[in-house]
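Heads up: the structure comes next, in structure tokens.
Here it is as structure tokens:
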């Protein structure tokens, strides 16, 4: 009903295009974030929750969209950002099954709503409301239930316990499991090859493989990946994910990145991280493409640990305006390993950058620190820029000399320069293959991504590494 704006207003009826037969509840809210108020309707007759998209015209017209067609005798709806991701979610009461649910907005321009249960004991619920009842910063839910004459409130997070969601046993794809996950849940993925891409949707959850990256692969394969606007990364973190968003134990491959406009540039084939600070651990980035073939970061602060990067085009990692730490990682066979430009603070701790066809590190207008690293057999060493602030400490250069560092750098002390790299069997880099290297191999036995004792870079310390150390003994 349109208000004419007078001191004593009158109202003009503006009927919707489609009128549900038995509307029980109505609520006006901007559901798609376009600045226009949409209309949310509970229609008990056909168990449907609808929202009517406002087209923004004056006067507006509305197009019906389905939120859920399995809302049993839905009696009430309310809208509120339930999970703090800046998207408006929906809360509903369904008296036929005595449930209160909230429907998570996935944040797309044409949103999809993912159902989550709040309660299964609201006996013939007739009303719902959402607000931070106890002032703890989390939105709670209030309901009225008719048959048991109760007003109930449901405290968000009061009994949050991690739930393991198995893939494919419970959900056939990793993304469907992520969609269903709540904060602190774990998506546990069985060994296998999983085609497609994943998006963490801003959730503080762990997505991990049960048996490690050697047997669990996410492949972003596309029929025609060179169609620019169809390119996709293997994984996206784009909704303010923090350290509690964890990806662990996968091989990520065949990603072509996020399309970056008319030049047909793609960004972040393996992982695209924007405005987020996730944790990525124990993963293998293999044969992805784009600027930052393995990883691209933008206004981000991810922590990457114990990961292995190989043969990603065109540079392994790239990005801007970010603070990124790599610890205990290995980089091999890249055109350029790290391209540090546009105000990036980039730290490598105990990393090995090996056999790049171009420079190990390049760029400008950034701060780069190499701490206790190995830089070996890179064809053009390190190329700096007058605007690049480079600090190197405790780092071994082998097969690369100090002359291969083009430009100025700050010597933090403890650096070594060797004409040839030690053999991989010299695990502790003391110049001799001996007893301590054997102990390192035995102490690292088993799955061990990017660890020095994995002499053949297989991702596993096993008898091959043991025999290799014994064969090189004394060398």
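Numbering (our numbering), first residue to last: 122 to 596. We put the CB at the ideal spot given by N, CA and C, even for glycine.
The beta strand (DSSP E) spanning residue i covers which residue range?
| i | result |
| --- | --- |
| residue 393 | 392 to 395 |
| residue 447 | 444 to 448 |
| residue 372 | 372 to 374 |
| residue 185 | 183 to 189 |
| residue 199 | 197 to 201 |
| residue 537 | 537 to 539 |
| residue 297 | No beta strand (DSSP E) holds residue 297; the alpha helix (DSSP H) holding it covers 295 to 301. |
| residue 519 | 517 to 519 |
| residue 236 | 234 to 240 |
| residue 275 | 271 to 275 |
When you compare only the Cα positions, how much space is there between residue i and residue j?
| i | j | result |
| --- | --- | --- |
| residue 164 | residue 173 | 13 angstroms |
| residue 361 | residue 299 | 16 angstroms |
| residue 192 | residue 357 | 31 angstroms |
| residue 501 | residue 437 | 16 angstroms |
| residue 527 | residue 481 | 11 angstroms |
| residue 426 | residue 288 | 24 angstroms |
| residue 190 | residue 215 | 12 angstroms |
| residue 530 | residue 201 | 52 angstroms |
| residue 573 | residue 452 | 12 angstroms |
| residue 276 | residue 262 | 7 angstroms |
| residue 546 | residue 229 | 51 angstroms |
| residue 271 | residue 316 | 48 angstroms |
| residue 570 | residue 454 | 17 angstroms |
| residue 583 | residue 492 | 28 angstroms |
| residue 487 | residue 539 | 28 angstroms |
| residue 558 | residue 450 | 19 angstroms |
| residue 176 | residue 339 | 39 angstroms |
| residue 465 | residue 439 | 9 angstroms |
| residue 206 | residue 377 | 27 angstroms |
| residue 314 | residue 291 | 17 angstroms |
| residue 581 | residue 415 | 21 angstroms |
| residue 150 | residue 568 | 51 angstroms |
| residue 525 | residue 417 | 26 angstroms |
| residue 536 | residue 301 | 49 angstroms |
| residue 550 | residue 517 | 9 angstroms |
| residue 249 | residue 380 | 42 angstroms |
| residue 483 | residue 445 | 15 angstroms |
| residue 359 | residue 513 | 32 angstroms |
| residue 213 | residue 490 | 52 angstroms |
| residue 155 | residue 326 | 28 angstroms |
| residue 423 | residue 375 | 21 angstroms |
| residue 396 | residue 586 | 40 angstroms |
| residue 410 | residue 495 | 25 angstroms |
| residue 434 | residue 548 | 29 angstroms |
| residue 476 | residue 579 | 16 angstroms |
Below 7 angstroms between beta carbons: does that hold for residue i and residue j?
| i | j | result |
| --- | --- | --- |
| residue 354 | residue 392 | yes |
| residue 329 | residue 366 | no |
| residue 533 | residue 509 | no |
| residue 554 | residue 594 | yes |
| residue 511 | residue 479 | no |
| residue 441 | residue 469 | no |
| residue 161 | residue 198 | yes |
| residue 240 | residue 221 | yes |
| residue 497 | residue 542 | yes |
When burial is assigned at 16 or more other CB atoms within 10 Å of the CB, is residue i buried or exposed?
| i | result |
| --- | --- |
| residue 390 | buried |
| residue 188 | buried |
| residue 616 | The question about residue 616 has no answer here: the residues shown for the chain are numbered 122 through 596. |
| residue 588 | exposed |
| residue 296 | buried |
| residue 591 | exposed |
| residue 283 | exposed |
| residue 238 | exposed |
| residue 146 | buried |
| residue 127 | exposed |
| residue 413 | buried |
| residue 268 | exposed |
| residue 341 | buried |
| residue 233 | exposed |
| residue 443 | buried |
| residue 122 | exposed |
| residue 135 | exposed |
| residue 182 | exposed |
Counting along the chain, where does the alpha helix (DSSP H) carrying residue i start and finish?
| i | result |
| --- | --- |
| residue 589 | 584 to 592 |
| residue 562 | 556 to 564 |
State yes or no: is the C-beta of residue i nearer than 6 angstroms to some heavy atom of the ligand ADP?
| i | result |
| --- | --- |
| residue 512 | The ligand content of the structure shown is nil, which means the ligand ADP is not present either. |
Determine, using beta-carbon pairs with one atom in the stretch 515 to 524 and one in the stretch 559 to 574, whether at least three such pairs fall under 8 angstroms. Contact fails: fewer than three Cβ-Cβ distances are below 8 angstroms.
Cβ contact check for the stretch 245 to 260 and the stretch 295 to 310: 3 or more pairs under 8 angstroms: no
Touch test, the stretch 320 to 327 against the stretch 371 to 379, Cβ-Cβ under 8 angstroms, three pairs minimum: no
Contact between the stretch 154 to 171 and the stretch 206 to 226 (3+ Cβ pairs under 8 angstroms): Short answer: they touch.
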